[in-house]
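Trainee: Residue numbers (the numbering used here): 1 to 180. Using N, Cα and C, we set each Cβ at its ideal position, and we do this for glycine too. Keep in mind it's a predicted model, so treat the numbers as computed, not measured.
(1) Give me, in chain order, the residues of the same chain whose beta-carbon lies closer than 6 Å to that of residue 102; leave out the 5 immediate sequence neighbours on both sides.
(2) Report yes if the CB atom of residue 139 is closer than 7 Å to the CB atom of residue 34, and no otherwise.
(3) Distance check for residue 36 and residue 173, CA to CA, integer angstroms please.
(4) Can you look up residue 172 in the DSSP assignment and give me helix, strand or coil?
(5) For the putative contact between residue 39 and residue 130, defined by C-beta atoms under 8 Å, what is the C-beta separation to the nearest angstrom?
(6) Sorted by chain position, which residues of the same chain lie with C-beta nearer than 6 Å to residue 79's C-beta, five sequence neighbours on each side aside?
(7) May I have the straight-line CA-CA distance separating residue 29 from residue 167, to the nearest angstrom?
(8) Under 8 Å, with one C-beta from each stretch per pair, do the segment 146-154 and the segment 84-91 reach the 3-pair mark?
(9) Please name the residue or residues paired with residue 67 in a DSSP beta bridge.
(10) Rank 170, 14, 22 by C-alpha distance to the C-alpha of residue 112 and give the top, closest one.
(11) For residue 13, does the three-state DSSP call read helix, strand or coil?
(12) Taking the alpha carbon of residue 17 as the reference point, which residue from 156, 125, 160, 154 has its own alpha carbon closest?
Okay, structure coming up:
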């Protein structure tokens, strides 16, 4: 019963959030700042994030990341702990509604991004909340259950891809977009 009540409050909170996404298709050529949201517990996510960061550095695009750990234990991804551009949130750093309450998350939400990537396949409230709170021109993601949030949905083409393959494919795909 308590879970039902929490989910009802979460749905209400999401409905009341204003949409700050501008829905403007932006290429990497025009992007100055990108952000990404990911599940810290995804296998090989640290390797995938390093590939993404390397690509952004090569294109001279600044970036920020928000990792969310959904486990009850108090661990983040240790390989990403020392990355100054990535903030990782633990379950204990959220309120009863699963909204992040740490200052670094608020700084992330208040940034103005050209492209926001959702590298998680999760449909958790915290991911949805994070995507709706960020000011951005365009949201790109993979989760079939959240297609209505994304401006560009990147499917897996009928085959399972690892997170590393998905990010490499996404970089290539977004690089082909031409802005007016």
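Mentor: In brief:
(1) Position 102 of the chain shown, counting from 1, holds the residue named residue 102. The answer, listed in chain order, is 93.
(2) The residue given as residue 139 occupies position 139 in the chain shown. The residue given as residue 34 occupies position 34 in the chain shown. Inclusion of residue 139 and residue 34 in the CB contact set at 7 Å is not warranted, their separation being larger than that value.
(3) Within the chain shown, the letter at position 173 stands for residue 173. Within the chain shown, the letter at position 36 stands for residue 36. Between residue 173 and residue 36, the C-alpha separation is close to 16 Å.
(4) Taking the chain shown and counting its residues from 1, the one referred to as residue 172 is at position 172. DSSP places residue 172 within a helical segment (H, G or I) once states are collapsed to three.
(5) Translated into positions along the chain shown, residue 39 becomes position 39. Translated into positions along the chain shown, residue 130 becomes position 130. The pair is not a contact, with the Cβ atoms about 11 Å apart (cut-off 8 Å).
(6) On the chain shown, residue 79 is found 79 positions in, with the first residue counted as 1. Contacts found: 46.
(7) Sequence index remark: in the chain shown, residue 29 carries index 29 (1-based). Sequence index remark: in the chain shown, residue 167 carries index 167 (1-based). Approximately 18 Å between the Cα atoms of the pair.
(8) Pairwise C-beta distances place the segment 146-154 out of contact with the segment 84-91, as fewer than three of them are shorter than 8 Å.
(9) Stepping through the chain shown from its first residue, residue 67 is reached at position 67. DSSP, once it has assigned bridges, lists 38, 88 as partnering residue 67.
(10) Here residue 112 corresponds to residue number 112 of the chain shown, with the count starting at 1. When only C-alpha atoms are compared, the closest one is 22.
(11) As a working mapping, residue 13 is identified with position 13 in the chain shown. Residue state, collapsed to three classes: helix.
(12) Position 17 of the chain shown holds residue 17. The shortest Cα separation from residue 17 among 156, 125, 160, 154 belongs to 125.
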